[in-house]
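Protein sequences, first through last, are from chains V and C. So the first sequence is residues 1 to 761, counted in this note's numbering. So the second sequence is residues 1001 to 1761, counted in this note's numbering. What follows is a set of notes on a single structure, which appears directly below.
Number of protein chains: 2
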Amino acid sequence: MTHSIIGTSVKRTDLLAKVTGDAKYVADMNMPGLLFGKTKRCNVAHALIKRIDVSKARALPGVKAVLTHENVPRVLHAGSPHPRSASVTCDQYILDNKVRYWGEGVAVVAAISEEIAEKAIGLIEVEYEELPAVFTVEDAQRPDAPLIHDREPGGNLVLPPAIFTRGDVEKGFAEADFILEGEYEGGRPTPAYMEPNVCTCQWDGNGNLTVWISTQTAFMVRGIMAEVLGLPLHKVRVLVDHMGGGFGAKQDLFQHEFLCALLAKETKRPVRMEFTREETFLGGRTRHPAKIWLKQGFRKDGTITARQARVVFNSGAYGSHGPGVTNVGTSALVSLYRCENVHLEGRCVYTNSPIAGAFRGYGVVQTYYALDIQMDEAAVKLGMDPAELKLQNAVREGDIAPSNHPLIGHGLEACIKKGMELTDWRNLRRQPRKVEGPIRYGWGVGCEMHGSSAYPGIKEQGNAIVKMNEDGTAVLLTGTAGLGTGAHTALAQIVAEELGLKFEDVSVVHGDTDVVPWDIGAFASHTTYMGGRAAQMAAAEVKKQMLKRAAEQLDARIDDLVVAQGDITVRARPGLRMTVREAVMPKKGIPAAQLVGTATYHPTKSYSFAAHFVEVRVDTETGYITVEQVIPVHEIGKVIHPVAAAGQIEGGIQQGIGHTLYEDYQIDMRTGRSLNANFVDYKMPLAMDMPPIKTVILENAPDPGGPFGAKGVGEDPIVAIGPAIANAVYDAIGVRFRHYPIKPEQVLTALAQLKGEQQTA
Amino acid sequence: MTHSIIGTSVKRTDLLAKVTGDAKYVADMNMPGLLFGKTKRCNVAHALIKRIDVSKARALPGVKAVLTHENVPRVLHAGSPHPRSASVTCDQYILDNKVRYWGEGVAVVAAISEEIAEKAIGLIEVEYEELPAVFTVEDAQRPDAPLIHDREPGGNLVLPPAIFTRGDVEKGFAEADFILEGEYEGGRPTPAYMEPNVCTCQWDGNGNLTVWISTQTAFMVRGIMAEVLGLPLHKVRVLVDHMGGGFGAKQDLFQHEFLCALLAKETKRPVRMEFTREETFLGGRTRHPAKIWLKQGFRKDGTITARQARVVFNSGAYGSHGPGVTNVGTSALVSLYRCENVHLEGRCVYTNSPIAGAFRGYGVVQTYYALDIQMDEAAVKLGMDPAELKLQNAVREGDIAPSNHPLIGHGLEACIKKGMELTDWRNLRRQPRKVEGPIRYGWGVGCEMHGSSAYPGIKEQGNAIVKMNEDGTAVLLTGTAGLGTGAHTALAQIVAEELGLKFEDVSVVHGDTDVVPWDIGAFASHTTYMGGRAAQMAAAEVKKQMLKRAAEQLDARIDDLVVAQGDITVRARPGLRMTVREAVMPKKGIPAAQLVGTATYHPTKSYSFAAHFVEVRVDTETGYITVEQVIPVHEIGKVIHPVAAAGQIEGGIQQGIGHTLYEDYQIDMRTGRSLNANFVDYKMPLAMDMPPIKTVILENAPDPGGPFGAKGVGEDPIVAIGPAIANAVYDAIGVRFRHYPIKPEQVLTALAQLKGEQQTA
């Protein structure tokens, strides 16, 4: 089947608005009487609030309202879908009389200017009764650890341990020729989206609440807001147009959104609360710091006989997506490399640390980092090439994925093979490594697989409404969010392709929960896959109605009609044709009809694959690691928009380089105080830090459930880059790092230690 | 069938917003960089523009753009549906080098303030070459009349004469015992809506145009704007939320909307153009002044043997809805009172007068005024009671309506009978009339019938999308407009009733052409009838899906389920029940689904009926007529919202009293100059001028095509009140007026003349 619109990189519909500054983000919204909200944050990590005095703040001219735990409803909430999902924990009050981490909000103020609000915050006096605090998962799991939430003693677990078992792991280890065992650790990167969290709330006289918010999950916001505030869903309207990124974290409702709504209710005026950059750290979400103990048994031929792991995620002060991350991250280890005997245990532990949440890769970044490095270690031990070993063990068609769905296609094998071919891998690895004085070069490979869609079945669904205008142009109504990834351009391509229209004849309506059909939100790499499939199905429904009209007018059979680029032709009857516009315009004897198609799509789980081949440069004098080049090979089924897909891959690699080499949000391990909540001290790779990336996208394993066979690509690229870098560093300098970020001082220390060992040996 | 929501006067959903001033009208919209547009209007009635000099206006600081006929596209437009309807004429250029009536726009200015724009308008110099002008239909139809448009000589007809014939009118007159013949005349009332015409236009960088506009017909605006500006439909977004009335006139696009869009395009800034009150006269639309020559033959028993009429409508300078009004107004005379031999001719004539357009009653006000007065005259001649004569001849079930559809129910008969019963009519008329010194009292009756929906078939359709939220609340997406009549409250009632929800659990999304399904607009009394039926059908579709889920969960048959007020019960199985919310919430084994229903409804034509019984008070010393009381009896099928329906009736009566007794927009018959374009000189009845109105609504002739049997009521009440007043005046003082408005000086003149005749006799 040939396509005229999908598979081409059409100009993104939001391009001009964004480059000209025309695009309106939530913080650009202004309205008469707008008030500005600010949050008072605590400077202790674990404490009871003994006294909170807001009298001076209230007395400040320009202050319109002050809220504390004493005058807001005591309602638990969570950044959860509605109805509540097992993926998240509902354990946070809007405001509590207890604080659980340094920087948690204890009061909010609404004032006529940001400056006055800020000043009022400074006038609030809080007296704390400090409680013992724990910052590491080890401390939090001790029998005598202070309880962060009101659970049973020893109860700092966010959820009971998650166990995943296949086969007989003891038997598997017994059959092994050798066993590898190691501890791996992931740091605390943050999503660091360009657009800080922001929302504006406004009530009308009928008690209807409008929320403008930068969110990935508008309908979840609607559901949670409605639940927490005690409103029916149709009295909450959530609006979001453009967004400056989310990376998973903007699935959550944080704390300020409810307070913003309550401030607006009390003042009867619109209130905006916008995070400062510092607050995106303090009040935001991080990736879960993780410790992974991983043990695998190998036969001499490279077969993996057993795999055992204990994974512990640090949830910080609240549960957020801890359950989901624990389940997804841990269960990911049943797959990627085939193994019949697996036993995995995942834990998620409360600590008095910043809140970890959903973040691109969702637990898998951490566990595949461990797995893929250990595979590299095994290759060394086996005297095999690591790419060959991974190829040999790569999951393939029919294997059971972590989601218990059979995999489609030999995607991972194909990615590894293609990368080996493009790098001339066998030759490359046979040759001695490049050395330039103190500079060492090395190559590594990292692999991953990632599912599109989160929990197929009960809750997950794509919805779409397509309506065709009377001139044959069409509008897609979709609840999917546009985080900045070009999702709505891809969806418009899908609709245009399916309807046989020109791309520019399709527009997209989104971002208004009153208007568009329900959507679960933009996460789990499923927007194009699931929202796109629903859009395709709705478009197909309209196409059927449209072709019926055309067939009547052309006196032809519907099955003989071909429609593309707005033109309808008839098979085997050249010259007989009409435009889509002509087909739908009412005319004598043919009444007008508003052609509308609706569709709901319940997805299965579809897996995408990638192998990243990476060259690094290690300066053995400074310890500084540079990524020299990346050859990422991805299998994502049919590509809808090649440039956007490549953009996702490049962006994921940039973010992956960040957490592997630089990014780590740190707290003082004595007080819990935030140490680097800004972009000077929290270093991210900039455009100028980026290596050349030669992205290759395969389209050999389309998913029959995706639109035209498309699968997700949002999360994949951030997963494989990390272990590829760590493995390349080993290749360059012979030092095995089992954590991220790998910092220059650690490189130097390790090199010194290695030298010592070599001298001793 | 019992109903729990329709038929009750629920609180209007827009009530609080309107009384608190929260409701945003187009003129309340503000945005950064907003410019203000103003129109330069001509002070000649018919002329060529020899020279137009805008240099001084352009040079004025703060002026951003000036447009004249020299720099706008020369495109014909009309306030027409898209595709063009036979109801309207497409004969006006955006700006022309010729002006055709006093007050027509010749240039527009956009400036940073209204004051500067106004000043700039004053700086524009225009030199005219005046042409001979005609203001009456008689002058315009003379063979040597100046041509107002570029038509054939003698071509001041807007359209060829419209002929309607039944039976043999010559034979009918031959069979008559006597013949009545008379000339009747209607003046030039204006709709005088509270909210002046206003629109704001804004372009984005992708060439998408957004238009905020006070309109009854958002999708027509979209279609015409797109056509005139050469855009596809999906690049034009038309937004309208609240409206301060339209009364038919706001179906048109006028002249300033295109210019507003062009000013916005040129300045790359949003531009608002808002009429002053004076401009609502100068640039607005009036009812068509009409002259009706009517001749009927009667038998002694009251049977009408023949009816012949020549109707001439004065279209003013442009055609607007002239064709539709001519056809509807003229053809109305085939019905109301039964007659087998009918010959009607309708003409519509251009004059150099203000533009006449669509206005509540749409031509029927004029022709039924003539018919119903002549029936009163016939009753006098026959020595019959006029109500009895009308009852005897009233159309009834199965009679063919002007639309060629058979009528449903004995609606008119029932209205007349009910009114006679309530007024104790026979006694009333038998008694001598009340006299208090110079004050005379009298009673009259007027009748009418009016169709819901304009042109059933090709173009006319109602559309709706209903989606149910995951908590069982629902949203209706409708393209119908809310002119201020409470239409969306009625539609929400219909959806709630059909879905079995509480009224407050349904919300309505409207007023955004990008979002809602196509709608023909709010006119022809069809919003509740047609849009409501579509809403009901879409709701029924959702109900089916919802009950399927409930039936599965209750293990019951769908047909046994009963749903009302949000509760689902099972027939013959008491105790077995669940809520709608429970039915739609996803749960284990039952996936979520976005329940969506869509519907398109192609209406037939449904007729409503009314008889108005009116008492007037005539002061024979001042000539002043006061309406003392009105007993309007309406048959409108099932009533959805009794208070809103009664509100329509009362408002129509107020407007009808206005045009019958006071309202007449006048021009100088020598120059064409507007004489009373303001609310001081153009007198309308105020609340304090209103008589007691005892509205009675019958529900005995429901329309099977309407939602729950509902029919329209928007236009009916303005039609019957006029002849009822004129007939009552005759009853009071014995003077027969055959025109409106009936002014005090005319009453005095007529009384003097009558006295003279009586003295002579």
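We put the beta carbon where it would ideally sit given N, CA and C, even for glycine.
Applying the 10 Å Cβ sphere with the 16-neighbour rule, what's the burial state of residue i?
| i | result |
| --- | --- |
| residue 1300 of chain C | exposed |
| residue 572 of chain V | exposed |
| residue 1745 of chain C | exposed |
| residue 1163 of chain C | exposed |
Using the three-state DSSP reduction, which class does residue i fall into: helix, strand or coil?
| i | result |
| --- | --- |
| residue 1111 of chain C | strand |
| residue 1744 of chain C | helix |
| residue 1703 of chain C | coil |
| residue 1087 of chain C | coil |
| residue 80 of chain V | Summary for residue 80 of chain V: the model assigns pLDDT 47, below 50, so the residue's position carries little reliability; its value from the coordinates is reported in the next sentence. The answer is coil: DSSP assigns residue 80 of chain V none of H, G, I, E or B. |
| residue 1406 of chain C | strand |
| residue 1447 of chain C | strand |
| residue 338 of chain V | coil |
| residue 356 of chain V | strand |
| residue 1053 of chain C | strand |
| residue 669 of chain V | coil |
Just the Cα atoms here: how many angstroms apart are residue i and residue j?
| i | j | result |
| --- | --- | --- |
| residue 27 of chain V | residue 274 of chain V | 7 Å |
| residue 1008 of chain C | residue 1485 of chain C | 16 Å |
| residue 1105 of chain C | residue 1039 of chain C | 6 Å |
| residue 1334 of chain C | residue 3 of chain V | 58 Å |
| residue 725 of chain V | residue 657 of chain V | 8 Å |
| residue 1449 of chain C | residue 1412 of chain C | 8 Å |
| residue 1599 of chain C | residue 1494 of chain C | 14 Å |
| residue 1247 of chain C | residue 207 of chain V | 31 Å |
| residue 566 of chain V | residue 1405 of chain C | 39 Å |
| residue 763 of chain V | residue 740 of chain V | Since the first and last residues shown for chain V are 1 and 761, residue 763 of chain V lies out of range. |
| residue 975 of chain C | residue 1243 of chain C | Look at the range of chain C in this structure, 1001 to 1761, and you will see that residue 975 of chain C is not part of it. |
| residue 1563 of chain C | residue 1322 of chain C | 48 Å |
| residue 1080 of chain C | residue 1520 of chain C | Its pLDDT being 47, under 50, residue 1080 of chain C is placed unreliably in this model, and the value from its coordinates should be taken loosely. The alpha-carbon atoms of residue 1080 of chain C and residue 1520 of chain C are separated by roughly 10 Å. |
| residue 15 of chain V | residue 508 of chain V | 14 Å |
What are the boundary residues of the beta strand (DSSP E) that residue i is part of?
| i | result |
| --- | --- |
| residue 606 of chain V | 606-619 |
| residue 186 of chain V | 178-186 |
| residue 528 of chain V | That residue, residue 528 of chain V, is in no beta strand (DSSP E); it is neither H nor E in DSSP. |
Where do the N-terminal and C-terminal ends of the alpha helix (DSSP H) with residue i fall, by residue?
| i | result |
| --- | --- |
| residue 1731 of chain C | 1716-1733 |
| residue 770 of chain V | In the structure displayed, chain V extends from 1 to 761; residue 770 of chain V sits before or after that span and is not available. |
| residue 1463 of chain C | Run containing residue 1463 of chain C: none in the alpha helix (DSSP H); it sits in the beta strand (DSSP E), 1462-1468. |
| residue 1173 of chain C | 1169-1174 |
| residue 642 of chain V | 642-661 |
| residue 581 of chain V | 580-584 |
| residue 1256 of chain C | 1256-1267 |
Contact between the region 1602-1610 of chain C and the region 1368-1386 of chain C (3+ Cβ pairs under 8 Å): no
Decide if the region 1147-1163 of chain C is in contact with the region 1638-1647 of chain C; the criterion is three or more beta carbon pairs, one per stretch, under 8 Å apart. no
Could you say if the region 283-300 of chain V and the region 181-195 of chain V meet the contact criterion of at least three C-beta pairs nearer than 8 Å? yes
Flag this pair as touching only if the region 1044-1053 of chain C and the region 1274-1285 of chain C have three or more C-beta atom pairs under 8 Å; answer yes or no. no
Could you tell me whether the region 1108-1118 of chain C touches the region 1334-1346 of chain C, where touching means 3 or more Cβ pairs closer than 8 Å? no
Touching or not, the region 127-135 of chain V and the region 703-714 of chain V, by the rule of three or more beta carbon pairs under 8 Å? no
Is the region 457-471 of chain V close to the region 1224-1238 of chain C, with three or more CB pairs under 8 Å? yes
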